[in-house]
Amino acid sequence: MSNTNNPSEKIRQLRLQKDLSQENMADMLGLSTTAYGDMERGRTELSFSRLENIAKLLDVSLPELLGFESKTLSETEWLRQENERLLSANAKLQNELDLWKKRFGSLVTLEIGRQVQQHREPIGF
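According to UniProt numbering, the sequence shown is numbered sequentially starting from 1.
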């Protein structure tokens, strides 16, 4: 299974295969030609919904648009695997966040306490 991280080149190739201009695609997506051109050149990060719209316009599956070989992976299976990958990445990030909280949380608490001590007004009796 091959995967390209950036679907911009695949979008361009599919657009050319369909004999569509950038202007045609921009009109169908409700974008300016410049904004669409920036997408094809990889200067704009594409949202999931935008990718879905482009896939529909180009009559391909989302996995195919993203560079996955559609013959070996159904769209449902690809979405399941992508979901698992994202859940795993999220868990790793959560673990890293927890580590940073443990490492620096007590330092932040100590610093706040130190600052509070410095700013206390003396109470005179």
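Glycine included, every Cβ here is placed at the ideal spot set by N, Cα and C.
Just so we're clear, the structure is a prediction, and the values are computed from it rather than from any experiment.
Please go through the UniProt domain "HTH cro/C1-type" (11-65) and give each complete alpha helix (DSSP H) segment of 4 or more residues, from N-terminal end onward.
Runs of the alpha helix (DSSP H) inside the UniProt domain "HTH cro/C1-type" (11-65): 22-29, 33-40, 48-58, 62-65.
Go through its chain and collect everything with a Cβ distance to Leu65's Cβ below 8 Å, but skip five positions before and after it.
If we look at Leu65 and ignore the five residues flanking it on each side, its Cβ neighbours are Pro7, Lys10, Ile11, Leu14, Leu51, Ile54, Ala55, Leu58.
From Ser21 to Glu77, what distance separates their C-alpha atoms?
In this structure, the alpha-carbon of Ser21 lies about 32 Å from that of Glu77.
In the DSSP assignment, find the alpha helix (DSSP H) that holds Phe104 and state where it starts and stops.
Here the alpha helix (DSSP H) through Phe104 covers 75-118.
Nonlocal neighbours in the same chain, by C-beta distance under 8 Å from Leu29, ignoring five residues either side:
Cβ within range, chain order: Tyr36, Arg50, Asn53, Ile54, Leu57.
Note down the Cα distance separating Ala89 from Thr44, rounded to an integer number of angstroms.
Each residue's Cα considered, the two are about 23 Å apart.
Is it buried or exposed, Leu86, if we count other Cβ atoms within 10 angstroms and call 16 or more buried?
Around the C-beta of Leu86, fewer than 16 other C-beta atoms lie within 10 Å, and the residue is accordingly described as exposed.
Thr4 by DSSP, collapsed to three states: which one?
For Thr4, the pLDDT reaches just 47, beneath the cut-off of 50, and the residue's location in the model is therefore unreliable, although a value from the coordinates is still provided. Looking at Thr4 - three-state DSSP - the assignment turns out to be coil, as it is neither helix nor strand.
Between the CA atoms of Glu96 and Val116 - distance to the nearest angstrom:
Straight through space, the alpha carbons of Glu96 and Val116 are spaced by roughly 29 Å.
Look at the alpha carbon of Asp19 and the alpha carbon of Met25, and state the distance between them as a whole number of angstroms.
Answer to the nearest angstrom: the Cα atoms are 10 Å apart.
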